[in-house]
Amino acid sequence: MPVYYGRGGKYSGKPRVVVLGSGWGAMSFIKSLSRRDSENLEVTIVSPRNYFLYTPLLPACATGTVEERSIIEPVRKVLGTKGTFFEAVCQEIDPVEKTIKACIPSDPEDSCFKVPYDILVLAVGSVNNTFGIKGVAEHTTFFKSIDDAHNLRRKVSECFERASLPAVSQEERERLLSFVIVGGGPTGVEVAAELHDMVVDDLRRIYPSLVSLVRIRVIELQDHVLSTYDREISTYTASEFSRRGRCLEGIDLVLNSRVASVAPNKVIVVNSQTNSTNEIPFGACVWATGVAMHPLIKQLQERLPEGSQTHFRSIVTDQYLRVLGSGGSIYAIGDAATIQQACTHCLPLESKALSHSEELFDQADVSKDGKLQLSEVRDILRKSSEDYSHFAEHARFLDGKYGGLKRWNSMVGKLVKKRTDGTPVSALGEDTELDKDAFREIIGKIDQGLRALPATAQVAKQQGEYVAKLLSKGKGTPGKPITGFKGFRYGHKGSLAYVGRDKAVMDVPAIGPVFGYTAGVMWKGFETYSQISLRNILLVSSDWVRTKLFGRDISRV
1 MPVYYGRGGK YSGKPRVVVL GSGWGAMSFI KSLSRRDSEN LEVTIVSPRN
51 YFLYTPLLPA CATGTVEERS IIEPVRKVLG TKGTFFEAVC QEIDPVEKTI
101 KACIPSDPED SCFKVPYDIL VLAVGSVNNT FGIKGVAEHT TFFKSIDDAH
151 NLRRKVSECF ERASLPAVSQ EERERLLSFV IVGGGPTGVE VAAELHDMVV
201 DDLRRIYPSL VSLVRIRVIE LQDHVLSTYD REISTYTASE FSRRGRCLEG
251 IDLVLNSRVA SVAPNKVIVV NSQTNSTNEI PFGACVWATG VAMHPLIKQL
301 QERLPEGSQT HFRSIVTDQY LRVLGSGGSI YAIGDAATIQ QACTHCLPLE
351 SKALSHSEEL FDQADVSKDG KLQLSEVRDI LRKSSEDYSH FAEHARFLDG
401 KYGGLKRWNS MVGKLVKKRT DGTPVSALGE DTELDKDAFR EIIGKIDQGL
451 RALPATAQVA KQQGEYVAKL LSKGKGTPGK PITGFKGFRY GHKGSLAYVG
501 RDKAVMDVPA IGPVFGYTAG VMWKGFETYS QISLRNILLV SSDWVRTKLF
551 GRDISRV
């Protein structure tokens, strides 16, 4: 297998830095690495995508508010003369030999090569999480890539064109014009808002007889959308979404509900409070909730020393973003990683659940026999989810429906099996019993699933900048302790979300919640001037003006 040693085909003797990925973390690393510093390194980027995507404007791209080319920038243009880029998929990382195996995406069998590294920067991000729900992968549109945005744009146009045909029944017409977004986080909220804007501003004039049939729904597990924002912001967003006007109903919020399965033309939803089931027909369904570990990260975890990686959602790093068990030769940033918490006061509030495990056990042990049945574990997790929000997911799994126990097995099943004398998880039932020690271990395992930092572009950007600064200072030599350099500290600048009709919401630490037209102007300005290049800034700026003057292009291309 061919081996790439460096530019010119020879090893220059400089530290070989290999970067995997072309997203926020990777590009922030490259941009923060000065040309002078890069001359002392042999930098190589490997990514299956040869461009950077400005993901915060993906919802606007999906409706034509901004164009696709306006929010992407070629990797080679960002990299310049700082290093070498290969458009290839990393299939394997060997932490012992310190090499990666990469292959051309279109020809993974015969076009593979190896790249040795001294320092590896993992910035591969995450993948979509279907939570094992039947039909999600087959019948919904994911929302992480430019292709996803393009597919949604085509799908919406197709739904309106088909609904306008005279041969279509009224029932089928209503289904085609039903748009469902699963996930009430920032992405789901913005997709719904952009869709609503497009219908009101553009499609209303083109399809006047169809607009009254359009329904836009957001399905959210919590009792409010934007649950990571200030509650006042969530309330304001719900109020904005309930608005009516210009022949179109507002955006329906289907709260306290989870998706049980997805069929070709409908989504089956279960209300978590009443346990009632409802079928919602759709013409297009967007899956905008949950991320899962990248397969490459899972593969690497298995190759690192046993016990060094215990997190089931992300790869664990130290405070300097070095992967535990890698000897300091691998850094991980962005969605792919979480930072090991060295002290309990550094942990998020939810992770203090472990210190209250005995109290929780006593609350759940109604019979006072020192044993908890699985149903009692489920009930206490559900009851305590208001204080420890990460319990809610596990409580849902333990209801035993829709493959819940099978999914729970992938998280804490091995521990349960050990604590129940080898009982396989598939045989667990309502009468399965656990003692106090087993319950404590389970709570600890659930706590391990917490991320120290949110999986956002803001975090990945700051981490990429941090690693670049660390290496430029000559502090990242593998096998040597880092001295005189502070560990990574995330500085939260605030959160933003567009909620439609030129309005937005902002949750800024120094100011507090801001919403309405003022926030809308600030949101638009921030998203414009945060682009990666001047070219992108000018393109996005012109797109805002073009949309206001001439509307969105609804062509299906």
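When the letters of the sequence shown are read in order and numbered with the numbering used here, they come out as residues 1 to 557.
The beta-carbon is built from N, C-alpha and C at its ideal position, and this holds for glycine as well.
Per DSSP, which residues does G500 bridge with? Please list them.
-> Answer by DSSP bridge pairing, in chain order: K503.
Exposure of R36, with buried meaning 16 or more beta-carbon neighbours within 10 Å = Answer is exposed; the Cβ neighbour count stays below 16.
For E220, which three-state DSSP category applies?
-> DSSP places E220 in coil when its eight states are reduced to three.
What residues in its chain sit with their C-beta under 7 angstroms from that of N151, if we drop five residues either side in the sequence?
-> Beyond the five residues adjoining it in sequence on each side, N151 comes within less than 7 angstroms, by CB distance, of T141 in the same chain, given in chain order.
For R205, count neighbouring Cβ atoms within 10 angstroms of its own Cβ and tell me buried if that reaches 16, exposed if not.
-> When all chains shown are included, R205 counts as exposed.
Given G444 as reference, the closest of T289, A353, R378 and P513 once Cα atoms are compared = Closest in alpha carbon position to G444, among T289, A353, R378 and P513, is A353.
Under the three-state DSSP convention, the category N151 falls into = Here N151 sits in helix by DSSP.
Who are the Cβ neighbours of G135 in its own chain at under 7 angstroms, not counting the five residues just before and after it?
-> Counting only Cβ-Cβ distances below 7 angstroms, and skipping sequence neighbours, we find S261, V262 and A263.
When M1, Y4, V17 and S12 are compared against V467, the one with the closest alpha-carbon = Nearest to V467 by C-alpha distance, out of M1, Y4, V17 and S12, is V17.
Name the one or two DSSP bridge partners that T277 has.
-> Answer by DSSP bridge pairing, in chain order: V270.
Which residue comes first and which comes last in the alpha helix (DSSP H) that contains V545?
-> Per DSSP, V545 belongs to the alpha helix (DSSP H) from L534 to F550.
By a C-beta neighbour count over all protein chains shown, 10 Å radius and 16 as the cutoff for buried, is R535 buried or exposed?
-> With fewer than 16 other Cβ atoms within 10 Å, it is exposed.
Does the beta-carbon of T44 have 16 or more other beta-carbons within 10 angstroms, so that it is buried, or is it exposed?
-> By the 16-neighbour rule on beta-carbons within 10 angstroms, T44 is buried.
With distances taken Cα to Cα, identify the nearest neighbour of Y11 among L41, A26 and V19.
-> In terms of CA proximity to Y11, L41 leads the group L41, A26 and V19.
According to DSSP, is V66 helix, strand or coil?
-> When DSSP states are grouped into helix, strand and coil, V66 belongs to the coil group.
What did DSSP end up calling P513 once you bin it into helix, strand or coil?
-> Note: P513 maps to strand in three-state DSSP.
Euclidean distance between Cα positions of S47 and P59 = Roughly 24 angstroms between the two C-alpha positions.
Under three-state DSSP, which class holds E240?
-> Of the three classes helix, strand and coil, the one that applies to E240 here is helix, per DSSP.
List the whole-angstrom C-beta distance separating E254 from I219, where the pair is believed to meet the contact cut-off of C-beta under 8 angstroms.
-> Strictly speaking, residue 254 in this sequence is Val, with Glu absent from that position. Taking 8 angstroms as the upper bound for CB-CB distance, V254 and I219 are in contact here, some 5 angstroms apart.
I think S212 touches H224, with their Cβ atoms under 8 angstroms apart; what is that distance to the nearest whole Å?
-> About 28 angstroms separates the two Cβ atoms, so there is no contact after all.
Could you check if V557 is buried or exposed, using at least 16 other CB atoms within 10 Å of its CB as the buried criterion?
-> So V557 ends up on the exposed side.
N- and C-terminal bounds of the beta strand (DSSP E) containing R258 = For R258, the uninterrupted beta strand (DSSP E) run begins and ends at S257 to A263, by DSSP.
In chain order, what residues of the same chain lie with their CB nearer than 6 angstroms to the CB of E92, ignoring the 5 residues before and after it?
-> For E92, the CB contacts under 6 angstroms within the same chain, skipping 5 residues up- and downstream, are K101 in chain order.
Sequence-distant residues of the same chain with beta carbon closer than 7 angstroms to D202, five excluded per side = Taken in chain order, the residues that qualify are G551, R552 and I554.
Could you pull the start and end residues of the alpha helix (DSSP H) that Y331 belongs to?
-> Per DSSP, Y331 lies in no alpha helix (DSSP H) segment; the continuous beta strand (DSSP E) that holds it begins and ends at I330 to A332.
Sort M522, S472 and W24 by Cα distance to V124 and report the nearest one.
-> Looking from the CA of V124, the closest CA among M522, S472 and W24 belongs to W24.
Let me know the secondary structure DSSP gives S47 once reduced to three states.
-> Reduced to three states, the DSSP call for S47 is strand.
Let me know the secondary structure DSSP gives V467 once reduced to three states.
-> Judged by DSSP in its simplified three-state form, V467 adopts helix.
Could you give the distance in angstroms between the alpha-carbon of K493 and the alpha-carbon of M198?
-> When rounded, the distance between both Cα atoms is 30 angstroms.
Own chain residues within Cβ distance below 7 angstroms of G500, not counting five before or after | Correct list, in chain order: A193, H196, D197 and E240.
Cβ separation of Q462 and Y490, assumed to be a contact under 8 angstroms, to the nearest whole Å | Rounded, the Cβ-Cβ distance is 6 angstroms, consistent with contact.
Can you tell me which of A519, S495, A26 and K298 puts its alpha carbon nearest to the alpha carbon of A504?
-> Of the listed residues, the one whose Cα sits closest to A504 is A519.
Short CB-CB distance (under 8 angstroms) between F515 and chain D | No chain D is part of this structure, which consists of one protein chain only.
Measuring CA to CA, which of T84, T338 and L57 is closest to V19?
-> Ranking the options by Cα distance to V19, first place goes to T84.
Helix, strand or coil at T568 [DSSP, three-state] | In the structure as shown, the chain begins at 1 and stops at 557. Residue 568 is therefore absent and cannot be evaluated.
Starting from Q301, follow the alpha helix (DSSP H) in both directions and report where the run begins and ends.
-> If you look at Q301, you'll find it in the alpha helix (DSSP H) that goes P295 to R303.
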